[in-house]
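Asker: Numbering follows this note's numbering, with no gaps: position 189 of the first sequence is 242.
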Amino acid sequence: MTIQINKLKKLPNKFYQREVLKVARELLGKIFIRVYNGKKLAGIIVEVEAYDGSIDRAAHSFGGMTKRTEVMFAEGGLLYVYFTYGVHFCSNVVTGNKGEGTAVLLRGIEPIRNIDVMSINRFNKNNLTEKEKRNLTSGPAKITQAFNVGKEENGTDLTKNKIYILDYENISDSDIVITKRIGITRSVELPWRFYIKDNPYVSKK
DNA sequence: CCACGGATTGGCT
DNA sequence: GCCAATCCGTGGA
């Protein structure tokens, strides 16, 4: 069963310019596209986390706008890419209205198109082992490496043709798991992580 | 299987 | 100077 991505439509700005928890929840099942060397790298979004600077001390936007976080304070519909641990990039979908400082971190993607290109980007080889296949895009920094997303892509407009998200499945509530977020030390109690039940590309149970 | 620690930049206190 | 929205290799059970 090959997904006919050419027949699907981009999510419009209206989709992103809503409440962050709603957008996070509804991004599950949608198809992330990154055009790289003329090829469409594609995968289904299977795990996300919401961040909201107005009440969430784990959000980069908590405490106000800085040079680093200005994209996160823009109007919904841009990509916010940040660098961390001196090694990794992570990507977020900016949501809500201008000045809000809300975004959705992409944590898990199921690859569906141009997997060979992602394999080279991640492991510099093809013919991956089973373990390497599962490790291709099951984590926020694995995604940016596989899809070749870095600081150049910070601020990319998701309604244009470089990086965008296609409308696809609506996942039912019974197939979604909601948990606390991973890897943070503040506001840890907020249940703002969403993932598709039993999907192998979820970063962690 | 799990726990631990190193990598290595740059933002902010 | 401290430490991060992570990943991976190592070493032990």
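Using N, Cα and C, we set each Cβ at its ideal position, and we do this for glycine too.
For M118 and M125, I'd like the C-alpha separation in whole angstroms.
Answerer: 8 Å
Asker: Starting from P253 and walking both ways along the beta strand (DSSP E), at which residues does that stretch end?
Answerer: First-last for P253: undefined, no H or E at that position.
Asker: With H, G and I counted as helix, E and B as strand and the rest as coil, what does DSSP make of K60?
Answerer: helix
Asker: Excluding five sequence neighbours on each side, which residues of the same chain lie with their C-beta closer than 8 Å to the C-beta of D169?
Answerer: Excluding sequence neighbours, D169 sits near N179.
Asker: One question on the structure: do G208 and A127 come within less than 9 Å of each other, judged by their Cβ atoms?
Answerer: yes
Asker: Just how far apart, CA to CA, sit L81 and T122?
Answerer: 24 Å
Asker: Fully enclosed by the segment 121-181, which beta strand (DSSP E) runs are 3 residues long or longer?
Answerer: 132-137, 141-148 and 155-166
Asker: Taking a contact to mean a Cβ-Cβ separation below 9 Å, would you say A103 touches T155 in this structure?
Answerer: By the CB criterion at 9 Å, A103 and T155 fall inside the cutoff.
Asker: With DSSP run on the structure shown, which of helix, strand or coil describes R187?
Answerer: helix
Asker: Considering only the beta carbon of each residue, do A111 and R246 sit closer than 9 Å?
Answerer: no
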